[in-house]
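Participant: Below you'll find the structure I mean.
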Amino acid sequence: MIEMTLGEIAAAVSGVLHFGRNEEKVSGRVDTDSRLIGAGDIFFAKLGEKEDGHLYLGDVSSNGASLAVVSQLNSDVAIPQVLVDDTVIALSHLASNVLEKVRQSSELEVIGITGSNGKTSTKNMLRAILESQGKTVAPRDSFNNEVGLPLTVLKLEADTRYLVLELGAAGPGSIEKLASWTKPDYGVQLKVGLAHAGAFGGIEATEAIKAELMPHIKKVALLNFDDPRVKSFSELTSAKVIGFGYDSGSDYQISDAAISIAGTSFNLKFPDGDEHLVSLKILGEHHSYNAAAALAISDQIGIDRKVAISCLEDLEMAERWRMQLLKSPEGVLVINDAYNASPDSMRAGLQTLATLGRQGHRTVAILGQMAELGEFAAAEHDALGRLVVRYNIDKLFVIGEAAKLIHLGAMFEGSWDGESEYFEDVTQAFEEIRGKLTQGDVVLVKSSNVAGLRFFGDKLAGVN
């Protein structure tokens with residue numbers, strides 16, 4: 009974080025400083041995880057559903073923390089404390105204050121990314137490009153909510169050139185809350201899909217939440233023109249609107265996407281007619297959208313196109329557990345994509361698997377639950393099973409009670425006889441499935457995080 013006095017921090021979060029001097033300066037790491045706090049760092053004692061950060065004030069004090077922001081004072085701990093009503097709200101207030109200070113004193117560019125799918129991959133691609141040009145701050149993992157996003161902002165230093173943010177949806181008003189103070193110079197809208205639709209009440213509600221970003225974009229709004237819902241967002245912003253996708257009206261037009269076990273390639277036509285072949289090491293035609301979005305934003309910022317493309321072509325993967333290609337000692341190719349799953353991302357993964365199957369590989373899908381679909385869960389899991397059959401996937405393994413309808417959907421599709429197997433238990437499934445895989449098989453492991461298949465895919469490939 010940039011250097012601030014304890015008094016400045018207390019004022020920024022509307023708190024009261026105790027056990028410290030207003031003029032004392034701090035500039036360490038800011039976090040809510042006591043395990044990550046070291047000498048000179050700032051700890052926000054968050055009250056969670058399962059844990060109370062105030063219980064770890066002694067630990068962070070022993071580790072040399074310079075300040076704790078708390079909603080309950082602890083006079084037994086030898087550490088300055090700023091008392092606030094709500095530490096999560098205070099975290100956003102401090103982040104907002106720091107962001108404004110850096111913006112006023114530098115040429116910082118802020119990029120905000122949202123969408124039902126692809127945020128993290130696009131963020132990582134854009135970070136790879138921007139880091140070649142200057143000091144860049146971007147989220148770790150999927151730090152995109154009311155805690156993770158401010159923690160990312162608080163990594164800013166006085167000479168940071170680029171700040172990349174993911175804005176995740178957590179219900180009506182959630183993106184508004186994040187966008188209203190971050191005010192991205194460049195805003196990216198990737199897709200409106202069924203992810204979280206159960207929690208939000210349907211895709212229309214998801215659309216409304218994603219649209220909350222639009223009024224707060226300052227310079228350029230980049231929209232996926234292949235998604236009609238996203239394309240309609242152009243009416244909701246005063247920023248310059250540019251589009252990307254296969255749509256003929258796209259300013260950054262994708263064409264001729266191709267997939268092989270070596271990766272994904274596509275052509276990208278720029279607004280001035282310049283056209284470039286982009287060859288990614290990353291699997292999945294859907295990653296052409298993420299890459300095009302990253303290239304479009306970097307182009308709008310003014311980064312040399314060839315440099316930007318080269319940065320993407322050097323990436324080994326978009327993110328761990330996201331279409332990550334692994335090879336087992338037995339020669340089985342495992343595509344581990346078991347961090348997030350929605351109907352859209354499941355279809356994209358299966359399309360990639362089916363394409364590889366037409367190139368001479370036996371294809372195997374190991375699928376688990378798609379979470380947060382609510383009333384749509386039964387229909388979407390059933391439809392997914394039927395889709396596996398229609399894509400001519402050679403073998404399907406379904407794991408977990410919540411995913412059983414995938415198996416039943418495949419069986420009810422009518423043209424399969426024993427190609428789908430169902431397992432309730434992950435451990436039992438591993439031993440059974442591993443024994444049925446052979447050299448040259450391409451295996452897609454895909455589910456939501458709660459299904460617990462991330463490490464299943466790693467284990468199949470012999471990765472610890």
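Numbering of the sequence shown is given in our numbering, commencing with residue 9 and proceeding in unit increments.
Quick reminder that beta carbons are idealized off the backbone N, C-alpha and C, glycines included.
1. How close, in whole Å, do the beta carbons of A103 and V172 come, if the pair is a contact with beta carbons under 8 Å?
2. Please state the DSSP three-state secondary structure of T130.
3. Among V340, G15, D352, S258, which one has its Cα closest to the Cα of G443?
4. Can you tell me the Cβ-Cβ gap for E154 and S79, rounded? I've got them flagged as a contact below 8 Å.
5. Whose CA, out of S114, A270, E388, A379, lies closest to the CA of L333?
6. To the nearest angstrom, report how far apart V286 and A76 are at their CA atoms.
7. Could you round the C-beta distance between D390 and L361 to whole angstroms and report it? I think they count as a contact, below 8 Å.
8. Have a look at the DSSP bridge pairing and note the partners of A76.
9. Ignoring anything shorter than 4 residues, give me the alpha helix (DSSP H) runs that lie fully in the region 104-176, in order along the chain.
10. DSSP three-state call for G382: helix, strand or coil?
11. Can you confirm whether the region 419-432 touches the region 295-302 when touching is taken to mean that 3 or more C-beta pairs between the two stretches lie within less than 8 Å?
12. Looking at the unbroken alpha helix (DSSP H) that takes in E283, where does it start and where does it end?
13. For my contact list, G478 and V85 are in at a C-beta cut-off of 8 Å; report their separation, rounded to the angstrom.
14. Assign E327 to buried or exposed, taking buried as 16 or more other Cβ atoms, counted over all protein chains shown, within 10 Å of its Cβ.
15. Hey, out of N30, F27, S70, T95, whose CA is closest to F52's CA?
16. Can you tell me which of the three DSSP states L413 falls into?
17. State the start and end residues of the unbroken alpha helix (DSSP H) segment that holds H26.
18. Output needed for V68: all residues of its chain with C-beta closer than 8 Å, excluding positions within five of it in sequence on either side, in chain order.
19. Quick one: complete alpha helix (DSSP H) runs, 4+ long, within the region 186-266?
20. Check the C-beta distance from V196 over to L159 and give it rounded, since I have them as a contact under 8 Å.
21. Have a look at the DSSP bridge pairing and note the partners of N275.
22. Only counting the same chain, and skipping five residues up and downstream in sequence, which positions put a Cβ closer than 6 Å to that of A316?
23. Taking the alpha carbon of V406 as the point to measure from, which residue in I97, A373, A47 has its own alpha carbon closest?
24. How long is the line joining the alpha carbons of L404 and R355, rounded to whole angstroms?
25. So the beta strand (DSSP E) I407 belongs to, where does it begin and stop?
26. Taking the beta carbon of K314 as the centre, do at least 16 other beta carbons fall within 10 Å, making it buried, or is it exposed?
27. Buried or exposed: which applies to L63, given that a residue is buried once 16 or more other Cβ atoms fall within 10 Å of its Cβ?
28. Just to confirm the assignment, what range does the beta strand (DSSP E) spanning Y430 have?
29. If I measure Cβ to Cβ from E215 and keep anything under 7 Å in the same chain, skipping five residues before and after, which residues do I get?
30. I need the DSSP call for V315, collapsed to helix, strand or coil.
31. Considering only residues of the same chain and omitting the five flanking positions on each side of P279, which have a CB-CB separation below 6 Å?
32. With the cut-off set at 7 Å, would you say R169 and K127 are in Cβ contact?
33. In the structure shown, what three-state DSSP assignment does V34 receive?
34. With a threshold of 7 Å on Cβ separation, who are the neighbours of H424 within its own chain once the five nearest residues in sequence on each side are excluded?
35. Select from L244, N275, T435 the residue whose C-alpha is nearest the C-alpha of G253.
Facilitator: So, from the data block:
1. For the purposes of this step, residue 103 is taken as residue 95 along the sequence shown, with counting starting at 1. For the purposes of this step, residue 172 is taken as residue 164 along the sequence shown, with counting starting at 1. Contact flag wrong, Cβ pair sits at about 15 Å.
2. Counting from one through the sequence shown, the residue named residue 130 turns up at place 122. In this structure, T130 counts as helix in the three-state DSSP scheme.
3. Along the sequence shown, read from residue 1 onward, the residue named residue 443 stands at position 435. When each option's Cα is compared against that of G443, the closest is V340.
4. As a first step, residue 154 must be located in the sequence shown, where it is residue number 146. As a first step, residue 79 must be located in the sequence shown, where it is residue number 71. E154 to S79, Cβ: 15 Å. No contact.
5. For this step, residue 333 is matched to residue 325 along the sequence shown. With distances taken between Cα atoms, L333 lies closest to A270.
6. By 1-based counting over the sequence shown, the position of residue 286 is 278. By 1-based counting over the sequence shown, the position of residue 76 is 68. Distance between the alpha carbons of V286 and A76 is about 47 Å.
7. Position 382 of the sequence shown holds residue 390. Position 353 of the sequence shown holds residue 361. Actually they are not in contact, since the Cβ atoms of D390 and L361 sit about 19 Å apart, beyond 8 Å.
8. As a first step, residue 76 must be located in the sequence shown, where it is residue number 68. Per DSSP, F51, Q89.
9. 127-138, 156-161
10. Residue numbering aside, residue 382 sits at position 374 when the sequence shown is read from its first letter. Three-state result, G382: helix.
11. no
12. The residue you call residue 283 lines up with position 275 of the sequence shown. Careful: E283 lies outside any alpha helix (DSSP H), inside the beta strand (DSSP E) at 283-288.
13. Given a span of 9 to 472 for the chain in the structure shown, any question on residue 478 remains unanswerable.
14. By one-based count along the sequence shown, residue 327 stands at place 319. Buried, by the Cβ-count rule.
15. Reading the sequence shown from its first residue, position 44 is the one you call residue 52. Nearest option by C-alpha distance: T95.
16. Along the sequence shown, read from residue 1 onward, the residue named residue 413 stands at position 405. In the structure shown, L413 sits in a helix (DSSP, three-state: H, G or I).
17. Here the question's residue 26 lines up with position 18 in the sequence shown. Where H26 is concerned, there is no enclosing alpha helix (DSSP H), although the beta strand (DSSP E) it sits in stretches over 24-26.
18. In the sequence shown, the residue the question calls residue 68 occupies position 60. Here the set comprises S42, I45, D49, F51, A76, I87.
19. 205-208, 211-218, 236-239
20. Your numbering for residue 196 matches position 188 in the sequence shown. Your numbering for residue 159 matches position 151 in the sequence shown. Not a contact, Cβ separation roughly 21 Å.
21. Within the sequence shown, numbered from 1, the residue matching residue 275 stands at position 267. Beta-bridge pairing links N275 to S263, L285.
22. Taking the sequence shown and counting its residues from 1, the one referred to as residue 316 is at position 308. Answer for A316: I137, L303, S306, listed in chain order.
23. For this step, residue 406 is matched to residue 398 along the sequence shown. Among I97, A373, A47, the Cα nearest to that of V406 belongs to A373.
24. Here residue 404 is taken as the residue at index 396 of the sequence shown, counted from 1. Here residue 355 is taken as the residue at index 347 of the sequence shown, counted from 1. Their backbone Cα atoms lie some 14 Å apart in a straight line.
25. The residue labelled residue 407 in the question sits at position 399 within the sequence shown. Residues 403-407.
26. Walking along the sequence shown from the start, residue 314 turns up at place 306. So K314 counts as exposed.
27. Residue 63 sits at position 55 when you count from the first residue of the sequence shown. The residue in question, L63, is exposed, as its Cβ has fewer than 16 Cβ neighbours within 10 Å.
28. Residue numbering aside, residue 430 sits at position 422 when the sequence shown is read from its first letter. Element bounds for Y430: 428-431.
29. To locate residue 215, count along the sequence shown from 1; it is residue 207. Answer for E215: V200, R237, listed in chain order.
30. What you label residue 315 is simply residue 307 of the sequence shown in a count that begins at 1. Residue state, collapsed to three classes: helix.
31. Taking the sequence shown and counting its residues from 1, one reaches residue 279 at position 271. Cβ within range, chain order: D259.
32. Walking along the sequence shown from the start, residue 169 turns up at place 161. Walking along the sequence shown from the start, residue 127 turns up at place 119. In this structure, K127 does not lie closer than 7 Å to R169 by Cβ.
33. As a working mapping, residue 34 is identified with position 26 in the sequence shown. V34: strand per DSSP, three-state reduction.
34. Translated into the one-based positions of the sequence shown, residue 424 becomes position 416. In the sequence as presented, His is not what sits at residue 424; that position holds Trp. Contacts found: V397, A418.
35. As a first step, residue 253 must be located in the sequence shown, where it is residue number 245. Minimum Cα distance to G253 is reached at N275.
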